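Here's the structure, in C-alpha cells; my notes come after.
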Amino acid sequence: MRTQAHPVRTAWLVVAGLLAFMLLLAGCGGGGSDTGGEELTKLGKGEGEVDLISWAGYVEPEWSKPFEQKTGCKVKSKVAGTSDEMIQLMRTGQYDGVSASGNASARLVDGGDVAPVNVSLVPNYKTIFSDLKDQPYNTFDGAHYGIPHGRGANLLMWNSEDVTPAPTSWDVILDPKKAAKYKGKISAYDDPIYIADAAVYLKAHQPELGIENPYELNEEQFEAAVNLLQEQRPYVGEYWSEAAKQISAFANGDDQVGTTWQYQYFELKGEGKPVAASPASQGFLPKEGATGWSDTWMISSEAKHPNCMYMWMNWIVEPKVNAEVAELFGEAPGQSLACEQTAEKDFCAKYHAENPAFWKRVYYWETPLADCGNGSSDCKDYNDWVQAWTSIKG
Amino acid sequence: MKLSKRSALLLRLGLGIGLAFIYVPLIVLAIYAFNASNILEWPPPGLTLDWFPKAVENEFAREAFLTSIKAGIAATAIALVLGTLASLAVARHRFFGRETISFLVVLPIALPGIVTGVALSNTFTQVLGVDLSLFTVVVGHATFCIVVVYNNVVARLRRVSTSFEEASADLGAHTWQTFRFVTFPSLRSALGAGALLAFGLSFDEIIVTTFTIGAGEETLPIWIFRNLFRPNQLPIVNAVAVIVVLISIVPVYLAHRLTREEGGATAARGGAVEAEATAVP
Amino acid sequence: MERRSVGHRLADLFHGRPRLQASALLAGPVGWLVIGYLGSLAVLLIAGFWSVDPLSGEVLRGFSLENFETLVNEPVYRSIVGRTVLIAALVTLTDAVLAFPIAFYMAKIATRRGKALLVVAVLVPLWSSYLVKALSWRTMLSSGGVIDWALNPIGLSGPGYGNTAVWLVMSYLWLPYMILPIFAGLERIPDSLISASEDLGASPFTTFRRVILPLAFPAVVAGSIFTFALTLGDYITPRLVSNNQFIGNVIFNNISNNLPLASALAFVPIVVMIAYLLVARRLGAFEHI
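Residue numbers (the numbering used here), protein chains in the order written: chain S, 82 to 475; chain W, 29 to 309; chain D, 40 to 328.
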C-alpha cells in the first residue's frame, strides 16, 4: 500500500518558502540606482520618440508639432500638478525628461534620477540669460543638470467683480481677519511648498522672526508659518494642484481669490471671466513679494531616448520657440534672444526678463534642507514640510 | 409576486428614486458632451455636436481605446484560466487550506487599489527589474479579475451535480475528456458572465493601472485622466465616455440573454442561473 | 496495444489521484496570488518598518518603528483614518438602502423583459468611466451647478465640496456593486416563502423584516465588501470633490518622498479589510459575491 505524501500541503510549504525568499530579496537587493547616469558625449540620431513630464502649458502642440516634424521625435507628455508627482514619475525610469522646479531638482539629483547635461550639445544654451546659469537649483557640484526654460512668480489672482478693493498684499488670503471675508472662496496651492508662501508673508509682516530665506526655516519660524496656514484652513475653498481644476473653480464662482500661475490667469481671461492679478504697475507682485519658480529641463539618468531629449532641450530654448512658450504661458523666457522674437513687442520688459533686480523679490521654489546654509543645520527638511502639510490640510 | 397596494407603491417609489439617482449624473455628463465652451459651468453656454466627430478622430483616444481592449482581453483570458482552475480545485476536491482560497482570491479586489498598484509596481521595477509596460498592466488586472470568474464558476459547480462527471468517468473517459465534454459545457454561461464582468473591471480600472503602466502606453482611463484637466480637451473626454457607454449596451444585453438561455438545463430554478451569472460585480 | 497520446497519458496520471489533480489545478492560481500578489504586498509592507534619511531622502533599511509611532501619535492621522472609515460605513449603508428596492423589484416583480431591461440599465453605467462620472459630480456640486440650480428655487443650496460630497459621490459610484449581489440573493428566495408569510397574516413590513431581510442579508454583506473596500482606498474622488484627506490621499502623497510612512499607513486599510472579510465570511457573504 502506498502511503500518500501530502502534495497540497507540501505545495503550500513551498509557496511559503518562496514568499520568504522574496522578502529576503527585497531586503537585500533591489533599490533604485544611485548613480546619476552619464553625460552624453555626442549627439546621435533621434530615436523617434521622447517621453516628457511637464507643468501644464509647457508642452503644447504649437511647438511640439513643429518639433516632431523637424526631428522625427514623437512627443508624448504627461502633465503633473506638483513637484512630488514629477519626482514620483521620474523614479519609475519610464520618462526621458522633466521640466523641474527648484523643489524637485535637488531631490532628483540626490536620488540619481537625472543625469548631468552636456551643455556643449545644446547650442542655444549659450544665449540663456546669465542670471539663470549656474544657479543652485540647476547646477550641482559644478555640473550642469538642466536647461533653463523660463521663470515666473506665483500670482495673486482675484475675481474683480467680487473682490474689492483690488488687493495689493497677500494679507487678503493670509491674514485671518481679512481672509474671513472670503470664507470658502479662497484658492490655495495644494503642496507642502506652499508653506513658503506663508513664510514670505511673515518675512514682511513679522520681521522679528528673522526669516531670510522662506525655504530655510528654523523651528520657531516654521511653526509660525504652519500656524498661519492652519488659521487659513477654514477659509480655503479649494486646494488645487491641477491647473484646470482651479480654472473651473474660478469660472464657476467656487473660488474668488487665491494663488495661481499665469497659465490659469490667461485661460480665464481668454474665456472672458472677470479676473485680475497684481498689475504691471506693482511689478506683478503683491507688496511682500512672492514665491516663484525657475524651471529647468532635466534629462533622466535612464532616458531611453537621450538624443531626442537633447534635441527637445535645444528646441525649447530656440529663440522663436522660447518666445512662443513664454507668451503662451505668461512667464519670463529663459532665452535672451527670445525677447526679439515675441509677438508682443515689450513682452520681456513687462515680464522683467532682463531685470535681475526684479527677481530678488521672487523666491524661487527650492528644496527645504536641514542645512540652513549659514552654518546651522537645524532647519526643517522636506519631510517635516510634508508632514506639516498633512496636518494643515487635516 | 403579489404585493399590497401600499407596498407596491413604496417599492415603485424606491425603484424610481434609485434609477433617477443612477441616471441623472449620466445625463448631466451627456449634456456636457455637447458643451460649446471649454470651461465647465452650469448651464452650459451653448451646445454643439462637434465633440463627437473630434472624439472619433482623436488619434490618442482611439489608441487608448484599443489598448484598453487588448489589455482587457488578455487580463480576462488569464483570469478565466486561473479562476476556473482554482474553482475546479475548490469545488471538486478537498485539501489543506481549501477555505483560504476564497479568501485569497478576493483580497486583490478588497484591498485598496493604491496598495495593490504600488506593491506590484515596486515588485516589477525594484525586485524583478522589469520595465513597466502593457504586460505589467495585464498582470495587475488579471490579479483582481480572478475573483469574478472564480465566484461565478464555483457557484455553478456547486449547483451542477457531480453524477454526470462520475458517469462519464465510469464510461471510460479520462479526466480531460470529462472536463471537456461534461463539465465545461455546463460552465459556459458562468464563464461568459464572469468574463464580461472581468473585462468591464479591467476596462475602467485607473488606480492600479496608473502604477503599472509604462510611459509609452495608455489605456482609456489613463487617457481620460490625462485629459480630464485639459480645458480644451474636456468635452472630447465627455464625448468619449458617452460613446463607450452606448457601445457597451450591446455586449451587456447579449451577455444577459446568453446567461438566461443556457441556464435552463442545469439550474434548479429558472431565475437563479442568470442571477448567479450576473451576480458578480 | 494502441498507442496513447501524450494528452491521454497525462490524463491517466491524474486519474484516481485527486490530490495530484488538486495540486495541479491550484499551482497556477495559488502561485500567482501568493507569490506574485502577497509577495508584492509583503515587500511593500516591510518598508513600513524602515525609515528615511532626513538629509538625502534615501530609504534606510534598518528596523524602526518610528513610522507607526508617528501614525499613532500625530492626531491628524487618526482623524484621517476615522473619517475614511466613517464615510465608508455611511456609503455602505446608503447603498444598501438604495439598492434594495431596485434589486427587489428586479428579482420579484419585473417581467422577463423588464428584468432584462433593468439588468442592462444597472450594468451599463458601470461602463462609463469612473473618472468622468466623478468629474460630472464635481460640476454638479459646484456653486451654481446642477444641484444648486435645482435646490435654490426652494431656498436650499447644495452641500458643495467636502465630506458630504464624497459620501454622495461614492454612494453613487459603487451602487451597482451593491445591487447585483442583492438581486442575485433575492432571486434565490422562493416566492412561496413570501406568499406563505403573507398567507399567515404578516404585514408586508413584517414579511420584509422577518423573512426577506434575514435571507437576503448575506448578499447585502457581500455587496458591502465592495462598497466598503472601494471607499476605503479611494483617493481620486476625495481630491475631486473635497479638500479633506482620506487614507488613500496620504499614502499617495507620501509614496515618493517617504515610502516607509506610506507603507506603514497602508497597514491600516489592509488590517481593516481583512477583519471585515473575516466577519463577512462568517456571515455567509462569500457564497454571494
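Don't be surprised by glycine CBs; every beta carbon is placed ideally from N, CA and C. The structure displayed is predicted, hence computed values, not measured ones.
| Item | Value |
| --- | --- |
| Coil, strand or helix - residue 63 of chain W by DSSP | strand |
| Same chain only: Cβ atoms within 7 Å of residue 399 of chain S, ignoring 5 sequence neighbours per side | 205 |
| Neighbour flag for residue 467 of chain S against chain D, beta carbons, 8 Å | yes |
| Check whether residue 419 of chain S and residue 404 of chain S have beta carbons under 8 Å apart | yes |
| Three-way DSSP call (helix, strand, coil) for residue 374 of chain S in this model | strand |
| Buried or exposed by the 16-neighbour rule on C-beta atoms within 10 Å, applied to residue 193 of chain D | exposed |
| Contact check, residue 446 of chain S vs residue 274 of chain S, beta carbons under 8 Å | yes |
| Residue 363 of chain S burial status per 10 Å Cβ neighbour count (16 or more: buried) | exposed |
| Coarse secondary structure for residue 157 of chain S, derived from DSSP in three states | strand |
| Identity of the residues DSSP links to residue 414 of chain S by a beta bridge | S:231 |
| Residue 33 of chain W burial status per 10 Å Cβ neighbour count (16 or more: buried) | exposed |
| Environment of residue 115 of chain S [buried if 16+ CB atoms lie within 10 Å] | Unreliable placement is indicated for residue 115 of chain S, whose pLDDT of 47 sits below 50; no coordinate value is reported for it. |
| Whether residue 115 of chain W touches residue 210 of chain W by CB criterion (8 Å) | no |
| Three-state secondary structure assigned by DSSP to residue 257 of chain W | coil |
| Beta-carbon spacing of residue 373 of chain S, residue 229 of chain S below 8 Å | no |
| Proximal chain A residues relative to residue 185 of chain D, where beta-carbon distance stays under 7 Å | Of the protein chains in this structure, namely S, W and D, none is chain A. |
| Ordered list of beta strand (DSSP E) runs contained in the stretch 297-372 of chain S, each at least 3 residues | 317-321, 338-341 and 356-358 |
| Per DSSP, cross-strand counterpart(s) of residue 225 of chain S | S:220 |
| Partner residues on chain W for residue 434 of chain S, Cβ-Cβ distance less than 9 Å | Within 9 Å Cβ-Cβ: nothing; residue 434 of chain S doesn't reach chain W, min ~27 Å. |
| Expected contact under 8 Å - CB spacing of residue 213 of chain W and residue 234 of chain W to nearest Å | Not confirmed; about 37 Å, so no contact. |
| Cutoff 8 Å: residue 224 of chain D Cβ touching any chain S Cβ | no |
| Contact under 8 Å by Cβ, residue 95 of chain W with residue 162 of chain W | yes |
| Contacting residues, own chain, Cβ-Cβ under 6 Å from residue 86 of chain D (five flanking each side not counted) | 298, 299 and 302 |
| Start and end residues, alpha helix (DSSP H) containing residue 285 of chain S | 276-286 |
| Per-residue burial, residue 188 of chain D [other beta carbons within 10 Å of its own, 16 or more giving buried] | exposed |
| Separation of residue 269 of chain D from residue 227 of chain D, as counted between CA atoms | 26 Å |
| For residue 90 of chain D, three-class secondary structure by DSSP | strand |
| Close Cβ partners of residue 174 of chain S (< 6 Å) along its chain, the five nearest in sequence each way excluded | 383 |
| Backbone secondary structure at residue 107 of chain D - three-state DSSP | helix |
| Interface residues of chain W facing residue 117 of chain D [CB-CB closer than 8 Å] | Result: empty, since nearest Cβ-Cβ is about 18 Å, beyond 8 Å. |
| One or two residues paired with residue 145 of chain W in a DSSP bridge | Beta-bridge pairing links residue 145 of chain W to no other residue. |
| Contact list for residue 160 of chain W against chain S, beta-carbon separation under 8 Å | 173 and 175 |
| Proximal residues, the stretch 83-117 of chain D versus chain S, C-beta separation under 9 Å | 83, 85, 86, 91, 93, 94, 95, 96, 97, 98, 100, 109, 113, 114, 115 and 116 |
| Alpha carbon of residue 110 of chain S to alpha carbon of residue 155 of chain W, nearest angstrom | Residue confidence is low: residue 110 of chain S scores 49 on pLDDT, short of 50, so the model does not pin down where it sits. No coordinate-derived value is stated. |
| Cβ-based burial, residue 218 of chain D [other Cβ within 10 Å; buried from 16] | buried |
| Test: residue 125 of chain W CB closer than 8 Å to a CB of chain S | yes |
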